[in-house]
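Residue numbers (the numbering used here): 293 to 539.
Ideal placement from N, C-alpha and C gives every residue a C-beta, glycine not left out.
Note that the coordinates shown come from a computational prediction; the quantities given were computed from them, not determined experimentally.
Notes follow once the structure below has been shown.
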Amino acid sequence: MKNFAQLVFLVFTSICFSQQNFGNQAGKKEVKKGLVSFETFTADNGDVSYGFRMNGLIVGPNMVLHADGRTTYVNYNKDHQKDGTLILMNKQQGTIELYTYRKDKKEGPAFKMANGNVEWKKQFANDKEDIGGYKANVADYGYGQNSNGFNGFNMEKYDNDSYAIGYFLFSNKSFPAIQVWKDGEQYMGQHIQGLRKQFGVYFYENGTKYVGFWHKNYKEGLGFKIDKNGNIIEKGYYESNVIKTPF
């Protein structure tokens, strides 16, 4: 009976983790095999996309400069589906929207900032708003067991004069979330157990942006940097905050 209970727990946990698709990302193996390239593509409607391709299809971190002035940052898994945090910014309107995507559909928490204020916060299931509100799956967010702490949407201030706004699990930054430092630098995207992990965008004080993957607050995985003038200045695969395989 004990072994059966353990088996049930392992199956349940594996199902929950599969919702994240964290193991379905293009990574070092695909880079070493030369399967991943970096491309710029202009659509018929004038949208310009910067990001990675595998087998001729979009994969990994991507940025889209829309013809109407909006900017989208999003990650695609190896099945070429939106996977993780999607960030939609509209500078003209002063808005930022952050969504959670799984297999090309909104699946999980989301919120919108408008001129520094929270305009709305929602939960989605299968691409539709879930009127039941925020629900956090412990295993799905990288935690092995229940713990005490705050779950849900919140704002926290820290000793280093930074603050974070977004979703928390057991009082740790989760996703989607935004963290802002006193020098104006910002991070938008995913956290796990309070640390930057998986896909997110870092905005530096000098106007440079890093769009890509993270692991425990370090740049780790596919990513690229853009200077304040919109030029791609670095692209490739990062390890421990350093680009190891430039494209």
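Next on the checklist: Can you give me the C-alpha to C-alpha distance between Ile524 and Asp419, rounded to a whole angstrom?
Outcome noted: Along the sequence shown, read from residue 1 onward, the residue named residue 524 stands at position 232. Along the sequence shown, read from residue 1 onward, the residue named residue 419 stands at position 127. If you draw a straight line from the Cα of Ile524 to the Cα of Asp419, it comes to about 32 Å.
Checklist entry - Anyone know if the C-beta pair for Met355 and Tyr342 falls short of 9 Å? => result Here residue 355 is taken as the residue at index 63 of the sequence shown, counted from 1. Here residue 342 is taken as the residue at index 50 of the sequence shown, counted from 1. A contact, by the Cβ cut-off of 9 Å.
Checklist entry - Identify the residues that DSSP records as bridge partners of Asn367: which are they? => result Here the question's residue 367 lines up with position 75 in the sequence shown. Bridge partners of Asn367: Pro353.
Checklist entry - Distance, Cα to Cα, Asn446 vs Tyr502? => result The residue you call residue 446 lines up with position 154 of the sequence shown. The residue you call residue 502 lines up with position 210 of the sequence shown. Separation of Asn446 and Tyr502 (C-alpha to C-alpha, rounded to the nearest whole angstrom) is 25 Å.
Next on the checklist: Quick check on Lys320: does DSSP put it in helix, strand or coil?
Outcome noted: The residue labelled residue 320 in the question sits at position 28 within the sequence shown. Residue state, collapsed to three classes: helix.
Checklist entry - So the beta strand (DSSP E) Lys508 belongs to, where does it begin and stop? => result Your numbering for residue 508 matches position 216 in the sequence shown. No beta strand (DSSP E) holds Lys508; DSSP gives it neither H nor E.
Next on the checklist: Between the alpha carbons of Phe516 and Asp396, how many angstroms are there, rounded?
Outcome noted: Residue numbering aside, residue 516 sits at position 224 when the sequence shown is read from its first letter. Residue numbering aside, residue 396 sits at position 104 when the sequence shown is read from its first letter. Phe516 and Asp396: Cα-Cα distance of roughly 22 Å.
Checklist entry - Ordered along the chain, which non-local residues of its own chain (more than five positions away) have a Cβ less than 6 Å from that of Asn533? => result If you number the sequence shown from 1, residue 533 lands on position 241. Cβ neighbours of Asn533 beyond the five flanking positions: Tyr510, Lys511.
Checklist entry - Where Ala428 and Tyr529 are concerned, what is the direct C-alpha to C-alpha distance, given to the nearest angstrom? => result Numbered from 1 along the sequence shown, position 136 holds the residue referred to as residue 428. Numbered from 1 along the sequence shown, position 237 holds the residue referred to as residue 529. When rounded, the distance between both Cα atoms is 31 Å.
Item to check | Runs of beta strand (DSSP E) wholly within the region 439-466 (minimum 3 residues, chain order) | outcome: List check, beta strand (DSSP E) in window: 444-449, 455-461.
Next on the checklist: Given this structure, state the Cα-to-Cα distance separating Gly386 from Val410, to the nearest angstrom.
Outcome noted: The sequence position of residue 386 within the sequence shown is 94, counting from 1. The sequence position of residue 410 within the sequence shown is 118, counting from 1. Whole-angstrom Cα-Cα distance: 12 Å.
Item to check | Burial state of Glu497, where buried means 16 or more other Cβ atoms lie within 10 Å | outcome: Stepping through the sequence shown from its first residue, residue 497 is reached at position 205. Answer is exposed; the Cβ neighbour count stays below 16.
Next on the checklist: Which residue wins for smallest C-alpha separation from Asn407, given the options Phe505, Gln373, Ile388?
Outcome noted: Residue numbering aside, residue 407 sits at position 115 when the sequence shown is read from its first letter. Measuring from the Cα of Asn407, the nearest candidate turns out to be Ile388.
Checklist entry - Would the beta-carbon of Arg345 fall within 9 Å of that of Val323? => result Along the sequence shown, read from residue 1 onward, the residue named residue 345 stands at position 53. Along the sequence shown, read from residue 1 onward, the residue named residue 323 stands at position 31. If you check the CB distance, Arg345 and Val323 do not come in under 9 Å.
Checklist entry - DSSP beta-bridge partners for Tyr479? => result The residue you call residue 479 lines up with position 187 of the sequence shown. Beta-bridge pairing links Tyr479 to Gln471, Tyr494.
Next on the checklist: For Ala417 and Met480, I'd like the C-alpha separation in whole angstroms.
Outcome noted: As a working mapping, residue 417 is identified with position 125 in the sequence shown. As a working mapping, residue 480 is identified with position 188 in the sequence shown. Between Ala417 and Met480, the alpha-carbon positions lie close to 22 Å from each other.
Checklist entry - Hey, Gly376 and Gln478 are a contact pair by Cβ (cut 8 Å); roughly how many whole angstroms apart? => result Working through the sequence shown from its first residue, we reach residue 376 at position 84. Working through the sequence shown from its first residue, we reach residue 478 at position 186. No, Gly376 and Gln478 are not in contact; Cβ-Cβ is about 18 Å, not under 8 Å.
Checklist entry - Of the choices Gly444, Ala469, Ala335, whose alpha-carbon is the least far from that of Tyr391? => result Position 99 of the sequence shown holds residue 391. Checking every option, the nearest Cα to that of Tyr391 belongs to Ala469.
Checklist entry - Are Ser466 and Gly458 close, meaning C-beta to C-beta below 9 Å? => result To locate residue 466, count along the sequence shown from 1; it is residue 174. To locate residue 458, count along the sequence shown from 1; it is residue 166. Contact: yes.
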